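Student: Keeping their order, the protein sequence lines are chains Z and E. Numbering follows this note's numbering, in which position 283 of the first sequence is assigned residue number 283; successive positions increment by one, without gaps. Numbering follows this note's numbering, in which position 100 of the second sequence is assigned residue number 100; successive positions increment by one, without gaps. Glycine included, each C-beta is placed from N, C-alpha and C at the ideal position. The model shown is predicted, which means the values in this text are computed figures rather than measured ones.
2 protein chains.
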Amino acid sequence: MSHTVTLLIEPLPADVDDIDPDSTFHAVAPSAPALRVAELSTQRGDGIFETIAVVDGHAQEVGPHLERLRASARITDLPEPNLEQWRRAIHRAVGELPAQGEYSVKIVLSRGIEGGPTPTAWLMGFPSADHRAAREHGIRAVTLDRGYDHGAAERAPWLLLGAKTLSYAVNMAALREAKRRGADDAIFVSSDGYVLEGPTSSVVMRIGDEVATPAATGQILPGTTQRSLFSHLVDAGSTATERDIRAEELARADAVWLVSSVRLAVPVVELDGRPVPFDAAETAAFNAYLLSPRD
Amino acid sequence: MSHTVTLLIEPLPADVDDIDPDSTFHAVAPSAPALRVAELSTQRGDGIFETIAVVDGHAQEVGPHLERLRASARITDLPEPNLEQWRRAIHRAVGELPAQGEYSVKIVLSRGIEGGPTPTAWLMGFPSADHRAAREHGIRAVTLDRGYDHGAAERAPWLLLGAKTLSYAVNMAALREAKRRGADDAIFVSSDGYVLEGPTSSVVMRIGDEVATPAATGQILPGTTQRSLFSHLVDAGSTATERDIRAEELARADAVWLVSSVRLAVPVVELDGRPVPFDAAETAAFNAYLLSPRD
Chain Z
1 MSHTVTLLIE PLPADVDDID PDSTFHAVAP SAPALRVAEL STQRGDGIFE
51 TIAVVDGHAQ EVGPHLERLR ASARITDLPE PNLEQWRRAI HRAVGELPAQ
101 GEYSVKIVLS RGIEGGPTPT AWLMGFPSAD HRAAREHGIR AVTLDRGYDH
151 GAAERAPWLL LGAKTLSYAV NMAALREAKR RGADDAIFVS SDGYVLEGPT
201 SSVVMRIGDE VATPAATGQI LPGTTQRSLF SHLVDAGSTA TERDIRAEEL
251 ARADAVWLVS SVRLAVPVVE LDGRPVPFDA AETAAFNAYL LSPRD
Chain E
1 MSHTVTLLIE PLPADVDDID PDSTFHAVAP SAPALRVAEL STQRGDGIFE
51 TIAVVDGHAQ EVGPHLERLR ASARITDLPE PNLEQWRRAI HRAVGELPAQ
101 GEYSVKIVLS RGIEGGPTPT AWLMGFPSAD HRAAREHGIR AVTLDRGYDH
151 GAAERAPWLL LGAKTLSYAV NMAALREAKR RGADDAIFVS SDGYVLEGPT
201 SSVVMRIGDE VATPAATGQI LPGTTQRSLF SHLVDAGSTA TERDIRAEEL
251 ARADAVWLVS SVRLAVPVVE LDGRPVPFDA AETAAFNAYL LSPRD
């Protein structure tokens, strides 16, 4: 039983179902060179990815992650991924990871190598960072201008705002800027004042009895974990709404969380230097649900 | 004499001058796996690059390219590169490429591998595509909204607009959109109507006796080839200006070029479906200068 697993994958076309997916996986040591320098993933950030949480041997929300991978492929004009092949690769990785604890499985579909073969693909499984303190005690966030107005995605689909691409340099720069400002994380706001998303998370807030998140109408990535949480809240009789949220509304929310696949729901206890109310029991309930096996 | 060269490079800190740079270069076959899957270049498009033209054994504008690499490192909070090491790496690559013809040397400085070592670096030398037809007969371009307004870079430096990062997925998507529209290339325009740049080039236009390009005040990448050309034009007594340019002005220009290190100056003969005047002699003079040895 290893704590990491790396598989190189020969991507099958979406309509191929007569090749054994297991024959397309090639395990490599994580420290071994595996990618060519001509990889467009590395030259151009030209590819897409998903990060799937594995909790006590169960891969969470594999279906929604794979559906989002397919949506990202469509937005970026990549060949449609063979979801059954990816499902089998994730299954194999989970089988090689320990049966207890929190792990991450990251899957990458790259446009490939200039001149072919194209696309290329791989998977990495590894232990997740320990996010328990963030989940329990919260984090400080700052709002940062994303530069785009709220209508940019609809006007300019080549901005790829609804796709989870490998071109994350701006997301990483936003996290560094947050740290420079003495915070832990960032919340992007559109240039015309709408709440968007975190660099690696969805933004969820509560005002009174309503739990709300920005509607993913192309300008942000639809959040698999946020959607799972909202469906759970609605099933439990709560009001959970995807809608436009103004930055002013976020600033006076009764609670704010950043929600993502691996870190799960972390409460924002300080936003732009001002304290945000924080309900420990509500947050614990969110994370108890998010840590339970979900499909 | 090979037509390609790939060097993995152990990046030296900027202030180290007592290590032989040649001992930090490791040649690998271009088809060999060289990078680990945990590379942040490939996971996050988190790194910077430059592409340097090599014409008949002479690397063009190495100094300005390395200065821009240093500026990109500063914007992206990467360790300052050791320019002498890079200069030696480029020199070595040029020595291994044929003495005649047009080649490209691409240098990459990545944030490295999660958990170290960081940064990582490499160089690729390879034959340039044949751009003679584009230089002589021109290309068709379309303007595309970049989503940002003209002031976004100043307001939000974390957008990294003045850095040449590996996160080029949007640039590549813009080229695909241009092709969908029956064109060859794109010209980005800000959401408030200012001309910005091409996905991989600078925009140069002539109106009457003035040659002009958008001023690189943070919202676009400063163009090494455009600057070399402008300096040449000014030396020859022409008017060459870096200033704000409105999209309407571009639409009525007397000539438009996309200018970049390897393709050099290609005339835009059709913009958004309308013909653009095209002076073959002027373009040939630009490219004769750009093909001459430049430092």
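At which residues does the beta strand (DSSP E) containing G301/E begin and terminate?
Tutor: Residue 301/E is absent from the model: chain E starts at 1 and stops at 295.
Student: W122/Z versus chain E: which residues are under 7 Å apart at the beta carbon?
Tutor: Numbered from 1 along the first sequence, position 122 holds the residue referred to as residue 122/Z. Residues of chain E passing the Cβ test: V37.
Student: Can you list, in chain order, the residues of its chain with a C-beta nearer than 6 Å to that of A253/E? Leave out the 5 residues immediately preceding and following it.
Tutor: As a first step, residue 253/E must be located in the second sequence, where it is residue number 253. Around A253/E: M205, I207.
Student: Could you please give the first and the last residue of the uninterrupted alpha helix (DSSP H) stretch that includes D185/Z?
Tutor: Position 185 of the first sequence, counting from 1, holds the residue named residue 185/Z. D185/Z -> not in any alpha helix (DSSP H); beta strand (DSSP E) instead, spanning 185-189.
Student: Listing by chain order, which chain Z residues have their CB less than 8 Å from the CB of T6/E?
Tutor: Here residue 6/E corresponds to residue number 6 of the second sequence, with the count starting at 1. Here the neighbours are V37.
Student: Can you name the residues that DSSP bridges to S368/E?
Tutor: Beyond the ends of chain E as shown, which are 1 and 295, falls residue 368/E; an answer cannot be given.
Student: Across the segment 32-47 of chain E and the segment 141-148 of chain E, are there enough close Cβ pairs to call them in contact, namely three or more that are closer than 8 Å?
Tutor: Taking 8 Å as the limit for Cβ pairs, the verdict is that the segment 141-148 of chain E does not touch the segment 32-47 of chain E.
Student: Among G162/Z, T118/Z, S2/Z, V211/Z, which one has its Cα closest to the Cα of V256/Z?
Tutor: To locate residue 256/Z, count along the first sequence from 1; it is residue 256. Nearest option by C-alpha distance: V211/Z.
Student: Are the C-beta of T143/Z and some C-beta of chain E separated by less than 9 Å?
Tutor: Numbered from 1 along the first sequence, position 143 holds the residue referred to as residue 143/Z. T143/Z does not count as touching chain E.
Student: Can the beta-carbon of R87/E be found less than 9 Å from the beta-carbon of L109/E?
Tutor: As a working note, residue 87/E is residue 87 in the second sequence. As a working note, residue 109/E is residue 109 in the second sequence. For R87/E and L109/E, no; Cβs fall outside 9 Å.
Student: Could you say which of D295/Z, P79/Z, V5/Z lies nearest to L229/Z if we only look at CA atoms?
Tutor: Start at 1 with the first residue of the first sequence, and residue 229/Z comes out as number 229. It is D295/Z.
Student: Looking at chain Z, which residues of the segment 10-39 of chain E have a Cβ within less than 9 Å of any of its Cβ atoms?
Tutor: Within the segment 10-39 of chain E, the qualifying residues are V28, P30, S31, A32, P33, A34, L35, R36, V37, A38, E39.
Student: Looking at D244/E and Y289/E, is the spacing between their C-beta atoms short of 9 Å?
Tutor: Translated into the one-based positions of the second sequence, residue 289/E becomes position 289. Translated into the one-based positions of the second sequence, residue 244/E becomes position 244. Cβ atoms of Y289/E and D244/E: not closer than 9 Å.
Student: Please report whether the beta-carbon of W158/E lies at a distance below 9 Å from any beta-carbon of chain Z.
Tutor: Indexing the second sequence from 1 puts residue 158/E at position 158. Yes, its Cβ sits closer than 9 Å to a Cβ of chain Z.
Student: Under 9 Å, Cβ to Cβ, is there at least one residue of chain E near V211/Z?
Tutor: On the first sequence, residue 211/Z is found 211 positions in, with the first residue counted as 1. With 9 Å as the cut-off, V211/Z does not count as an interface residue toward chain E.
Student: For S201/E and S260/E, which I take to be in contact (beta-carbon distance under 8 Å), what is that distance rounded to the nearest angstrom?
Tutor: For the purposes of this step, residue 201/E is taken as the residue at position 201 of the second sequence. For the purposes of this step, residue 260/E is taken as the residue at position 260 of the second sequence. Contact flag correct, Cβ pair sits at about 4 Å.
Student: For the alpha helix (DSSP H) that contains P64/Z, what are its first and last residues?
Tutor: On the first sequence, residue 64/Z is found 64 positions in, with the first residue counted as 1. First-last of the alpha helix (DSSP H) with P64/Z: 62-75.
Student: Among residues of its own chain, excluding the 5 on either side of D209/E, which ones have a beta-carbon nearer than 7 Å to its beta-carbon?
Tutor: Working through the second sequence from its first residue, we reach residue 209/E at position 209. Here the set comprises T239.
Student: Going along chain E, which residues have a C-beta under 8 Å from Q85/Z?
Tutor: As a working note, residue 85/Z is residue 85 in the first sequence. Simply none; closest approach about 18 Å.
Student: From P267/Z to E197/Z, what distance separates their C-alpha atoms?
Tutor: As a working note, residue 267/Z is residue 267 in the first sequence. As a working note, residue 197/Z is residue 197 in the first sequence. Taking the straight line from one Cα to the other gives about 14 Å.
Student: Just to confirm, are F49/Z and I107/Z a CB contact at a threshold of 9 Å?
Tutor: The residue labelled residue 49/Z in the question sits at position 49 within the first sequence. The residue labelled residue 107/Z in the question sits at position 107 within the first sequence. Closer than 9 Å, so yes.
Student: Quick one: is Q219/E buried, meaning 16 or more other Cβ sit within 10 Å of its Cβ, or exposed?
Tutor: Residue 219/E sits at position 219 when you count from the first residue of the second sequence. Buried, because 16 or more other Cβ atoms sit within 10 Å of the Cβ of Q219/E.
Student: Buried or exposed for A156/E, please, with buried defined as at least 16 other CB atoms from any protein chain shown within 10 angstroms of its CB.
Tutor: Counting from one through the second sequence, the residue named residue 156/E turns up at place 156. So A156/E counts as buried.
Student: Give me whichever residues DSSP pairs with I9/E in a beta bridge.
Tutor: Working through the second sequence from its first residue, we reach residue 9/E at position 9. Per DSSP, F25/E, A121/E.
Student: Given a cut-off of 9 Å on the beta-carbon distance, is the pair T363/E and G138/E in contact?
Tutor: Residue 363/E lies beyond the residue range present for chain E, which begins at 1 and ends at 295; the question has no answer from this structure.
Student: With DSSP as the reference, label E270/Z as helix, strand or coil.
Tutor: Reading the first sequence from its first residue, position 270 is the one you call residue 270/Z. Residue state, collapsed to three classes: strand.
Student: Counting C-beta neighbours from all protein chains within 10 Å, is the total for Q226/Z 16 or more, i.e. buried, or is it exposed?
Tutor: The sequence position of residue 226/Z within the first sequence is 226, counting from 1. Per the 10 Å Cβ criterion, buried.
Student: Please list the residues of the segment 167-179 of chain Z that have a C-beta atom closer than 7 Å to any C-beta atom in chain E, keeping them in chain order.
Tutor: So the list reads S167, Y168, A169, V170, M172, A173, A174, R176, E177, given in the order they occur along the chain.
Student: What does D56/E touch in chain Z if you count any residue whose Cβ is under 8 Å from its own?
Tutor: The count along the second sequence starts at 1 and reaches residue 56/E at position 56. Near D56/E there are no residues of chain Z at all, since even the closest Cβ is about 24 Å away, more than 8 Å.
Student: Measure the C-alpha to C-alpha separation of G63/Z and V54/Z and round it to an integer number of angstroms.
Tutor: Position 63 of the first sequence holds residue 63/Z. Position 54 of the first sequence holds residue 54/Z. Each residue's alpha carbon lies about 14 Å from the other.
Student: At what residues does the beta strand (DSSP E) containing D145/E begin and finish?
Tutor: Here residue 145/E refers to the residue found at position 145 when the second sequence is read from its first residue. Unbroken beta strand (DSSP E) run through D145/E: 139-145.
Student: Beta carbon of N171/E, beta carbon of P199/E: below 9 Å?
Tutor: Within the second sequence, numbered from 1, the residue matching residue 171/E stands at position 171. Within the second sequence, numbered from 1, the residue matching residue 199/E stands at position 199. Yes, the Cβ-Cβ distance between N171/E and P199/E is below 9 Å.
Student: Return the CA-CA distance between T24/E and E80/E, expressed in angstroms with no decimal places.
Tutor: Looking up residue 24/E in the second sequence gives position 24. Looking up residue 80/E in the second sequence gives position 80. So the alpha carbons of these two residues sit roughly 17 Å apart.
Student: Which residue from L258/E, I75/E, N82/E, S41/E puts its Cα closest to that of D15/E?
Tutor: On the second sequence, residue 15/E is found 15 positions in, with the first residue counted as 1. Residue N82/E is the option with its Cα nearest to D15/E.
Student: Can you grab the Cα-Cα spacing for the pair P286/E / V5/E, in whole Å?
Tutor: Counting from 1 along the second sequence, the entry for residue 286/E is found at position 286. Counting from 1 along the second sequence, the entry for residue 5/E is found at position 5. Here the sequence assigns Phe to residue 286/E, which means Pro is not the residue at that position. Distance between the alpha carbons of F286/E and V5/E is about 29 Å.
Student: Three-state secondary structure (DSSP) at Y103/Z?
Tutor: If you number the first sequence from 1, residue 103/Z lands on position 103. Here Y103/Z sits in strand by DSSP.
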